[in-house]
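Just so we're aligned, residue 631 is where the sequence shown starts under the numbering used here, counting upward by one.
Written out below as structure tokens is the structure these notes cover.
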Amino acid sequence: MSEALDAMLAGVRGLSVAHRAALIAIDGVDGSGKTTFTARLVDSLRPSSVTVVHADDHLNPPEIRHARGRSSPEGFWLDTYDLPSMIAAVDDACRASDDGTFVIVEGMFLHREELRDRWDFSVFLDVPFAVTAARMAERDGTNPNPEHVGMRRYVGGQRLYFGAASPWRHADLIVDNSAHDARVIEAESSFAATAGKPPHPGSGPFAHRRAL
631 MSEALDAMLA
641 GVRGLSVAHR
651 AALIAIDGVD
661 GSGKTTFTAR
671 LVDSLRPSSV
681 TVVHADDHLN
691 PPEIRHARGR
701 SSPEGFWLDT
711 YDLPSMIAAV
721 DDACRASDDG
731 TFVIVEGMFL
741 HREELRDRWD
751 FSVFLDVPFA
761 VTAARMAERD
771 GTNPNPEHVG
781 MRRYVGGQRL
791 YFGAASPWRH
801 ADLIVDNSAH
811 DARVIEAESS
821 FAATAGKPPH
831 PGSGPFAHRR
841 AL
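Structure representation (structure tokens):
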């Protein structure tokens, strides 16, 4: 078990939550390994009952996601998720769970102001864009260069999120998930220095496109 999972387990097992499941958020940029990290956490929490809510199951329809333009960073940050639908799914999962159980929400933008106070424990997966872009290229066929115009929507949208929410300042745990053996970051997130950086320039048709 990795150092990060050890720290995560210590945090969530130490929660004192009455009359409902404990709510845990796993936040990180696209390609940071949220789904894999969540699966490892679920395995480590067994035999406790765990329900997972995937934010990507609550996407807005394309006409909303792309209303600001298919390459819009603002559209990615503000319009990707149907927040009422996701919140309803989280509430339903909590109502269906007993004391001593866990509901894990994994997705992007989970430390935004509208959501961050809901979590009993939260994690921010800190993975550099150079790493996440390479992972996305392998998974989705996008460009492996995070500064390429075809990545403007995704990297730029995350930078807007960082500027608005500084997720590392609200997370209970910051985890470097760049490698298989994830580790806890004790200092400031590697993204902190670029939190206010605007989306990188570029326009025109994508060389590659993702579904979001």
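We put the beta carbon where it would ideally sit given N, CA and C, even for glycine.
A quick note: this is a predicted structure, and the numbers were derived from the prediction, not measured.
Does the Cβ-Cβ distance between P758 and S715 come in under 8 Å?
Here residue 758 corresponds to residue number 128 of the sequence shown, with the count starting at 1. Here residue 715 corresponds to residue number 85 of the sequence shown, with the count starting at 1. Going by C-beta atoms, P758 is not nearer than 8 Å to S715.
Secondary structure at T762, three-state DSSP: helix, strand or coil?
In the sequence shown, counting from the first residue as 1, residue 762 sits at position 132. Of the three classes helix, strand and coil, the one that applies to T762 here is helix, per DSSP.
What residue does the alpha helix (DSSP H) around V642 start on, and which one ends it?
To locate residue 642, count along the sequence shown from 1; it is residue 12. Where V642 is concerned, the enclosing alpha helix (DSSP H) stretches over 633 to 643.
Looking at the unbroken alpha helix (DSSP H) that takes in I815, where does it start and where does it end?
The residue labelled residue 815 in the question sits at position 185 within the sequence shown. Segment: none, I815 is in no alpha helix (DSSP H) and carries neither H nor E.
Is the separation between the beta-carbon of A763 and that of D657 shorter than 8 Å?
As a working mapping, residue 763 is identified with position 133 in the sequence shown. As a working mapping, residue 657 is identified with position 27 in the sequence shown. In this structure, A763 keeps its C-beta atom at 8 Å or more from the C-beta atom of D657.
Cut-off 6 Å between Cβ atoms - residues of its own chain near P797, not counting five sequence neighbours on either side
Position 167 of the sequence shown, counted from the start, is the residue given in the question as residue 797. Excluding sequence neighbours, P797 sits near D657, H741, F754.
Measuring CB atoms only, is the segment 680 to 694 touching the segment 715 to 728, in the sense that at least three cross pairs come out at less than 8 Å?
Between the segment 680 to 694 and the segment 715 to 728 there are three or more C-beta pairs closer than 8 Å, enough to call the two in contact.
CA-CA distance, D668 and I734?
On the sequence shown, residue 668 is found 38 positions in, with the first residue counted as 1. On the sequence shown, residue 734 is found 104 positions in, with the first residue counted as 1. A small correction: the amino acid at residue 668 is Thr; Asp does not occupy that position in the sequence shown. So the two alpha carbons sit approximately 8 Å from each other.
Beta bridge counterpart(s) of I734 as assigned by DSSP:
If you number the sequence shown from 1, residue 734 lands on position 104. According to DSSP, I734 bridges with I654, V682.
Please tell me whether I804 and D756 are closer than 8 Å, where the distance is taken between their beta carbons.
Residue mapping note: residue 804 aligns to position 174 of the sequence shown, counting from 1. Residue mapping note: residue 756 aligns to position 126 of the sequence shown, counting from 1. Yes, the Cβ-Cβ distance between I804 and D756 is below 8 Å.
Could you say which of D636, V814, R813, Y791 lies nearest to D709 if we only look at CA atoms?
Residue 709 sits at position 79 when you count from the first residue of the sequence shown. Per the Cα distances, Y791.
Skipping 5 residues on each side, what residues in its chain have a beta carbon closer than 7 Å to that of V682?
Here residue 682 corresponds to residue number 52 of the sequence shown, with the count starting at 1. These residues qualify, in order along the chain: T668, V672, I734, E736.
Considering just the uninterrupted stretch of the alpha helix (DSSP H) at V720, what are its terminal residues?
If you number the sequence shown from 1, residue 720 lands on position 90. Where V720 is concerned, the enclosing alpha helix (DSSP H) stretches over 713 to 725.
Could you pull the DSSP bridge partners for F751 from this structure?
Here residue 751 refers to the residue found at position 121 of the sequence shown. Its beta-bridge partners are I654.
Which one or two residues does DSSP pair with I804 in a beta bridge?
Here the question's residue 804 lines up with position 174 in the sequence shown. Beta-bridge pairing links I804 to F754.
To the nearest angstrom, how far is it from the Cα of V720 to the Cα of G641?
The residue given as residue 720 occupies position 90 in the sequence shown. The residue given as residue 641 occupies position 11 in the sequence shown. Rounded to whole angstroms, the separation of the alpha carbons of G641 and V720 is 20 Å.
State yes or no: is the C-beta of S752 within less than 8 Å of the C-beta of S679?
Position 122 of the sequence shown holds residue 752. Position 49 of the sequence shown holds residue 679. Their beta carbons are not under 8 Å apart, which means S752 does not touch S679 by this criterion.
Answer yes or no: do R695 and E704 have a C-beta to C-beta separation smaller than 8 Å?
Sequence index remark: in the sequence shown, residue 695 carries index 65 (1-based). Sequence index remark: in the sequence shown, residue 704 carries index 74 (1-based). Cβ atoms of R695 and E704: not closer than 8 Å.
Of the residues L645, I654, G780, G661, the one placed nearest D806, counting alpha carbons only
What you label residue 806 is simply residue 176 of the sequence shown in a count that begins at 1. For D806, the nearest C-alpha among the options comes from G661.
Rank F706, D636, L745 by C-alpha distance to the C-alpha of V860 and give the top, closest one.
Since the first residue of the chain shown is 631 and the last is 842, residue 860 is not available in this structure.
Expressed to the nearest angstrom, what Euclidean distance is found between the alpha-carbon atoms of E743 and D722?
Within the sequence shown, residue 743 is the residue found at index 113, counting from 1. Within the sequence shown, residue 722 is the residue found at index 92, counting from 1. Each residue's alpha carbon lies about 21 Å from the other.
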